[in-house]
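Novice: This structure is in structure tokens; I'll ask about it shortly.
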Amino acid sequence: MDYTVTSLDEIAPKVGAARAAFATGSTKPIAWRRATLERIRTLLEERESPLLDALAADFGKPRFEAWTTELGFTVSDINHTLAHLGSWMRPRKVGTPLAFQPGSSYVVAEPVGVVCVIAPWNYPVQLLLLPMVAAIAAGNAVVAKPSELAPHTAAELVSLIEAINDPAITAVQGGVAETTELLAQRFDHIIYTGNSRVARIVMRAAAENLTPVTLELGGKSPAIVSRHANVDVAARRIAWGKFINAGQTCIAPDYVLVEQPVHDQFVAALGTHIAEFYGADPQTSPDFTRIVNDPHFHRLEKLLDSGTVAVGGITDADTRYISPTVLTGVKGDDPVMGEEIFGPILPVIAVASIDEAIAFVNERSADGDKPLALYTFSESDRENDQVIAEATSGGACVNGTLLHISNPNLPFGGVGESGMGAYHGKFGFDAFSHRRGVHTRSTKLDPSMMYPPYTAKKQTLVRKGMTMSDPRDVAARLRGALRRD
Ligand code: NAD
Numbered sequence: 020m021d022y023t024v025t026s027l028d029e030i031a032p033k034v035g036a037a038r039a040a041f042a043t044g045s046t047k048p049i050a051w052r053r054a055t056l057e058r059i060r061t062l063l064e065e066r067e068s069p070l071l072d073a074l075a076a077d078f079g080k081p082r083f084e085a086w087t088t089e090l091g092f093t094v095s096d097i098n099h100t101l102a103h104l105g106s107w108m109r110p111r112k113v114g115t116p117l118a119f120q121p122g123s124s125y126v127v128a129e130p131v132g133v134v135c136v137i138a139p140w141n142y143p144v145q146l147l148l149l150p151m152v153a154a155i156a157a158g159n160a161v162v163a164k165p166s167e168l169a170p171h172t173a174a175e176l177v178s179l180i181e182a183i184n185d186p187a188i189t190a191v192q193g194g195v196a197e198t199t200e201l202l203a204q205r206f207d208h209i210i211y212t213g214n215s216r217v218a219r220i221v222m223r224a225a226a227e228n229l230t231p232v233t234l235e236l237g238g239k240s241p242a243i244v245s246r247h248a249n250v251d252v253a254a255r256r257i258a259w260g261k262f263i264n265a266g267q268t269c270i271a272p273d274y275v276l277v278e279q280p281v282h283d284q285f286v287a288a289l290g291t292h293i294a295e296f297y298g299a300d301p302q303t304s305p306d307f308t309r310i311v312n313d314p315h316f317h318r319l320e321k322l323l324d325s326g327t328v329a330v331g332g333i334t335d336a337d338t339r340y341i342s343p344t345v346l347t348g349v350k351g352d353d354p355v356m357g358e359e360i361f362g363p364i365l366p367v368i369a370v371a372s373i374d375e376a377i378a379f380v381n382e383r384s385a386d387g388d389k390p391l392a393l394y395t396f397s398e399s400d401r402e403n404d405q406v407i408a409e410a411t412s413g414g415a416c417v418n419g420t421l422l423h424i425s426n427p428n429l430p431f432g433g434v435g436e437s438g439m440g441a442y443h444g445k446f447g448f449d450a451f452s453h454r455r456g457v458h459t460r461s462t463k464l465d466p467s468m469m470y471p472p473y474t475a476k477k478q479t480l481v482r483k484g485m486t487m488s489d490p491r492d493v494a495a496r497l498r499g500a501l502r503r504d
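Residue numbering for the sequence shown follows our numbering, starting at 20 and increasing by one per position.
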């Protein structure tokens, strides 16, 4: 399928058409939301083969990984959304203070309008479609922009979006120029997934129209391995999380801090599991992805000079292959520790204690560089709890890697440099909804207390009424006092 860039002149009319479609109210009914999500699911099923071919053509994504982490992941999110949509949309009744009785109150989720989705290349299907699923579930129109760096997949995605055949859902194809033009339009929400440099461009453009943003970014996500860990399982789970998609995963463990007594055992286990996954020569494995383009390949090649190669370290520029690599003896100020690696290179750093590991992570977080994910491996709950409590991150997984993003009941998002806002499941529905508070009054009683003229008597009554404790507060305090006795 051909990759055709959208002409700059077409972009404003496309956004205008989506806005006009939203204005008709067609996207609000649950029937439209359901039907559109079901249509996307059907299209994904019908187009599975060309999509998997496109992912392989772009950067050699194995079909198994492409299905599980892209298509299957999206279908599972659609199914979860369809199962819960009715309950998410239902207005929530809330209490009304005594002073405002007789009356009732509720909170209702309203669509915000036109949502712009800008996606990156590394999981090009799910990172475009999952935000779309959430935006559609919330009743919005959508303008989607896939990444130009995975052009085969981008062409398939735009064709899929066109096949939805709804004026409220549209796509723009292209790179920097087209995205710049897109960002010059007014949106009601922008969700951007990618690097923090471009995130600043997106946020500046959004500020012009006071458009809220969700920024899904990256950073260096640490894994901490305790001397009390199941070292073999830790090595296997870290190797899996790191080398899937050749390390081109936003939440891949970027580096490992391992307690000195188990350092050698851990590094040896990494070597064993890498060989088990990809064979003695991973270059011949059908299950190992390639680097997306030459600039990323050459950037990664330079990082191999840090520390000592303990496993791998083999490269082939012609096929953009970098073998699964483990580096030891890496220092905190080595180049490989100076940027998000985003490739199949895993530095392992020995630490004297869990406290030292936490201090290492927190030193970076103090400058705002808070990780997107944090992994802690120990058989001691107390140790894992300490890591989670003392070192922050967007999300975390205990004794595992990556899987926290697969649970639709958990929010997925970053903090500080790793992003702002979150989505997945209900969190995505909420991200693209305006929560509107509605108070309903009865006309049966209309005491004159709050109306002018303001008399001393009215003031006394209003002061009493407004500062009166909520009866539930009083009851809770009474219960507390009784327990103490
Ligand atoms: P990318 O190069 O594909 O860029 C992402 C999007 O930004 C593309 O659609 C691109 O067209 C657009 N873009 C690029 N330059 C632009 C500019 N100057 N102005 C406007 N738009 C522009 O992807 P990338 O940024 O290399 O993605 C990798 C980064 O994304 C890593 O840091 C990774 O950790 C992060 N990431 C985060 C998540 C997450 O969910 N938090 C997921 C995947 C990747």
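Think of the CB as a built atom: it goes at the ideal place given N, C-alpha and C, for glycine as much as any other residue. This structure is a prediction, so every number in the text was calculated from the model and none was measured.
Below 7 angstroms CB to CB, which residues in the same chain sit around Ala254 once its five sequence neighbours on both sides are set aside?
Specialist: Contacts found: Phe285, Ala288, Leu289, His292.
Novice: Mind checking whether Gly433 and Leu234 have CB atoms under 9 angstroms apart?
Specialist: For Gly433 and Leu234, yes; Cβs fall inside 9 angstroms.
Novice: Would the C-beta of Ile220 count as close to the ligand NAD, meaning under 8 angstroms from any of its heavy atoms?
Specialist: Yes, since a heavy atom of the ligand NAD falls inside the 8 angstroms radius drawn around the Cβ of Ile220.
Novice: In terms of DSSP beta bridges, what is Met439 paired with?
Specialist: DSSP, once it has assigned bridges, lists Leu234 as partnering Met439.
Novice: Considering Leu393, what are the terminal residues of the beta strand (DSSP E) in which it resides?
Specialist: Taken as a continuous stretch (DSSP letters only), the beta strand (DSSP E) holding Leu393 covers 392-396.
Novice: Give the DSSP bridge partners of Ile188, in chain order.
Specialist: Ile188 pairs with Val161.
Novice: How would you write the range of the beta strand (DSSP E) that Asn242 sits in, first residue to last?
Specialist: With the sequence shown as reference, residue 242 is identified as Ala, and Asn is not the correct amino acid for it. Where Ala242 is concerned, the enclosing beta strand (DSSP E) stretches over 241-244.
Novice: Per the contact definition of three or more C-beta pairs closer than 8 angstroms, is the stretch 385-405 in contact with the stretch 413-424?
Specialist: Yes, they touch.
Novice: Whole angstroms are fine: how far does the CA of His443 sit from the CA of Pro430?
Specialist: Answer to the nearest angstrom: the Cα atoms are 6 angstroms apart.
Novice: At a cut-off of 8 angstroms, is Tyr394 close to the ligand NAD when judged by its beta-carbon and the heavy atoms of the ligand?
Specialist: No, since every heavy atom of the ligand NAD falls outside the 8 angstroms radius drawn around the Cβ of Tyr394.
Novice: Are Val191 and Ile30 close, meaning C-beta to C-beta below 9 angstroms?
Specialist: The answer is yes: Cβ separation under 9 angstroms.
Novice: Tell me whether Ala138 counts as near the ligand NAD, meaning its Cβ is closer than 8 angstroms to at least one heavy atom of that ligand.
Specialist: Answer for Ala138: yes, Cβ within range of the ligand NAD.
Novice: Here's the rule: buried if 16 or more other CB atoms are within 10 angstroms of the residue's CB, otherwise exposed. What is Phe316?
Specialist: Its Cβ being crowded by 16 or more others within 10 Å, Phe316 is buried.
Novice: Could you confirm whether any beta carbon from chain B is found closer than 9 angstroms to the beta carbon of Asn418?
Specialist: Absent here is chain B; the protein component of the structure consists of one chain.
Novice: May I have the straight-line CA-CA distance separating Ala50 from Leu365, to the nearest angstrom?
Specialist: Rounded to whole angstroms, Ala50 to Leu365 spans 48 angstroms at the Cα level.
Novice: Which value, in whole angstroms, describes the spacing of the CA atoms of Glu64 and Ser123?
Specialist: Computed Cα separation, rounded: 46 angstroms.
Novice: Can you give the Cα-Cα distance for Glu436 and Thr212, rounded to whole angstroms?
Specialist: Approximately 13 angstroms, taken between the alpha carbons.
Novice: Excluding the five sequence neighbours on either side, which residues of its own chain have a C-beta within less than 7 angstroms of the C-beta of Glu359, listed in chain order?
Specialist: Around Glu359: Gly237, Gly238, Lys239, Asp273.
Novice: Under 9 angstroms, do Pro165 and Pro143 count as touching if we go by C-beta distance?
Specialist: In this structure, Pro143 lies closer than 9 angstroms to Pro165 by Cβ.
Novice: Which parts of the stretch 411-487 are runs of the alpha helix (DSSP H), unbroken and 4 residues or longer, counting only runs that do not cross its ends?
Specialist: Here the runs fully enclosed are 444-450, 475-486.
Novice: Taking 8 angstroms as the cut-off, is the beta-carbon of Cys269 closer than that to any non-hydrogen atom of the ligand NAD?
Specialist: The answer is yes for Cys269.
Novice: Going by other Cβ atoms of all chains shown within 10 Å of its Cβ, with 16 needed for buried, is Asp283 buried or exposed?
Specialist: Its Cβ having fewer than 16 others within 10 Å, Asp283 is exposed.
Novice: Compute the beta-carbon to beta-carbon distance between Ile59 and Leu148, rounded to the nearest angstrom, for a pair I have assumed lies under 8 angstroms.
Specialist: Sure, about 7 angstroms apart at Cβ, within 8 angstroms.
Novice: Which residue or residues does DSSP assign as beta-bridge partners of Leu346?
Specialist: BP columns for Leu346 point to Val328, Pro366.
Novice: How should Glu382 be labelled, buried or exposed, when 16 other C-beta atoms within 10 angstroms of its C-beta is the threshold for buried?
Specialist: By the neighbour-count rule (16 or more Cβ atoms within 10 Å), Glu382 is not buried but exposed.
Novice: Do the CB positions of Phe78 and Arg309 come within less than 9 angstroms of each other?
Specialist: A contact, by the Cβ cut-off of 9 angstroms.
Novice: What residues in its chain sit with their C-beta under 7 angstroms from that of Leu168, if we drop five residues either side in the sequence?
Specialist: Cβ neighbours of Leu168 beyond the five flanking positions: Trp140, Val311, Asn312.
Novice: Are the CB atoms of Ala329 and Val367 nearer to each other than 9 angstroms?
Specialist: Closer than 9 angstroms, so yes.
Novice: With burial defined as no fewer than 16 other Cβ atoms inside 10 Å of the residue's Cβ, what is the status of Val380: buried or exposed?
Specialist: That one is buried.
Novice: Count the other C-beta atoms from every protein chain shown that fall within 10 angstroms of the C-beta of Tyr340, then say buried if there are 16 or more, exposed otherwise.
Specialist: Buried.
Novice: Helix, strand or coil for Pro130? Go by DSSP, reduced to three states.
Specialist: It is a strand residue.
Novice: Under 8 angstroms Cβ to Cβ from Pro69, same chain only, skipping five residues before and after it: list those, please.
Specialist: Closer than 8 angstroms at the Cβ level, and outside the excluded window around Pro69, lie Met20, Glu175.
Novice: From Arg38, Leu27, Val481, pick the residue whose C-alpha is nearest to that of Glu197; which is it?
Specialist: It is Leu27 whose Cα lies nearest to the Cα of Glu197.
Novice: Which residue's Cα is closest to the Cα of Leu464: Pro121, Leu497, Leu319?
Specialist: Of the listed residues, the one whose Cα sits closest to Leu464 is Pro121.
Novice: According to DSSP, is Ser384 helix, strand or coil?
Specialist: In this structure, Ser384 counts as helix in the three-state DSSP scheme.
Novice: Pro153 and Ala40 look like a contact to me (Cβ under 8 angstroms); what is the Cβ gap, rounded to whole Å?
Specialist: Looking at the sequence shown, residue 153 is not Pro but Ala. Contact doesn't hold; Cβ gap of about 18 angstroms is too wide.
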